[in-house]
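Student:
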């Protein structure tokens, strides 16, 4: 399973192709995301169930990717696509969820060790109300440690994200073992740093544009959920682009994109 390198403009085309898949059945896409949002919002309040959600994320993602493949082949997207991941390679997909859980916990621990009590100092100051010179001085002293901790956490979390990005698709579609899928996924992302920079910039711009809505409703992850009906199929589009060289930009709807030339 050898991923190919594509040009930077493909990062934008993944968004376009993801939107095209969304337009094939927007009602079901919105319904699927709404079901997931409500379910996650309820279950995440219970610590043990929150862990279960993390473990099952690759399973659910695999089901959504199967839905994308159905749309691509002219079939209908169905609510029942959510459970497709429970019908094939489920144990390997749950293993990926466990790796994600442990990896993210390690990143948080490393970040906390680097930050110490500096983050708590800043949060206390932010919730303190009136300006206090002593509190302001404490924040200034704590800020470098918080920045360093965040930078270290980001340094470790990016490789983890790269390894996990395509791993569920490789396990589900290509029957790779979890360890092999992580290696191949990381290699695919590494080969395509430039298109992922374009892709990530577009997504970040969308999140920032929707942030006022999230803040006003005090649902700080709402921006990502609002983008999910396009973001999720765009993951499938990028997977097909990188792992299926036979599918040309023209075949995937990108023939008129000047950035792909």
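In the numbering used here, the protein residues as written are 216 to 476. Using N, Cα and C, we set each Cβ at its ideal position, and we do this for glycine too. This one's a predicted model, so the numbers in the text were calculated from it and none came from an experiment.
Measuring CB to CB, does residue 372 end up less than 8 Å from residue 386?
Tutor: No, the Cβ-Cβ distance between residue 372 and residue 386 is not below 8 Å.
Student: Can you have a look at residue 302 and say buried or exposed, based on whether 16 or more other CB atoms are within 10 angstroms of its CB?
Tutor: Counting Cβ neighbours within 10 Å, residue 302 comes out exposed, since fewer than 16 surround it.
Student: Count the CB pairs spanning the region 435-442 and the region 365-380 that are closer than 8 Å, and state whether there are at least three.
Tutor: Verdict: no, contact absent.
Student: Please list, in chain order, all residues of the same chain as residue 233 whose beta carbon is under 6 Å from its beta carbon, the five residues on each side excluded.
Tutor: Same-chain partners within the cutoff: 445, 448, 449, 452.
Student: Would you check if there are 3 or more beta carbon pairs closer than 8 Å linking the region 246-257 to the region 416-429?
Tutor: At 8 Å Cβ cutoff, the stretches do not touch.
Student: Where residue 239 and residue 459 are concerned, what is the direct C-alpha to C-alpha distance, given to the nearest angstrom?
Tutor: Taking the straight line from one Cα to the other gives about 22 Å.
Student: Measure from the alpha carbon of residue 222 to the alpha carbon of each residue in 420, 433, 414, 443, then state which is nearest.
Tutor: Residue 414 is the option with its Cα nearest to residue 222.
Student: Is the closest heavy atom of the ligand ZN to the C-beta of residue 312 under 7 Å?
Tutor: The ligand ZN is absent from the structure shown, which contains no ligands of any kind.
Student: With residue 276 and residue 265 assumed to form a contact (beta carbons below 8 Å), what rounded beta-carbon distance in angstroms separates them?
Tutor: About 17 Å; that fails the 8 Å criterion.
Student: Counting only the same chain and skipping the five closest in sequence on each side, list residues whose C-beta sits under 6 Å from that of residue 273.
Tutor: So the list reads 308, 311, 312, 383, once near-sequence residues are dropped.
Student: If we ignore side chains and look at the alpha-carbon of each, how far apart do residue 434 and residue 319 end up?
Tutor: One C-alpha to the other measures close to 22 Å.
Student: Looking at the unbroken alpha helix (DSSP H) that takes in residue 456, where does it start and where does it end?
Tutor: Residues 437-458.
Student: What does the alpha-carbon distance come out to for the pair residue 291 and residue 418?
Tutor: Residue 291 and residue 418: Cα-Cα distance of roughly 27 Å.
Student: Below 7 Å CB to CB, which residues in the same chain sit around residue 454 once its five sequence neighbours on both sides are set aside?
Tutor: Within the same chain, residue 454 has close Cβ partners 381, 384.
Student: Please go through the same chain and pick out, in chain order, the residues whose beta-carbon is closer than 7 Å to the beta-carbon of residue 443, but skip the five residues on each side of it.
Tutor: Excluding positions up to five away in sequence, the list reads 248.
Student: Can you tell which of 219, 282, 326 has the C-alpha that lies nearest to the C-alpha of residue 241?
Tutor: Comparing Cα-Cα distances from residue 241 to each of 219, 282, 326, the minimum goes to 282.
Student: Output needed for residue 407: all residues of its chain with C-beta closer than 7 Å, excluding positions within five of it in sequence on either side, in chain order.
Tutor: Excluding sequence neighbours, residue 407 sits near 220, 221, 457.
Student: Among the candidates 268, 401, 237, 402, whose CA atom is the shortest distance from the CA of residue 252?
Tutor: Considering only alpha carbons, the answer is 268.
Student: Quick check on the DSSP output: the alpha helix (DSSP H) that includes residue 225 runs from which residue to which?
Tutor: Its alpha helix (DSSP H) spans residues 225-239.
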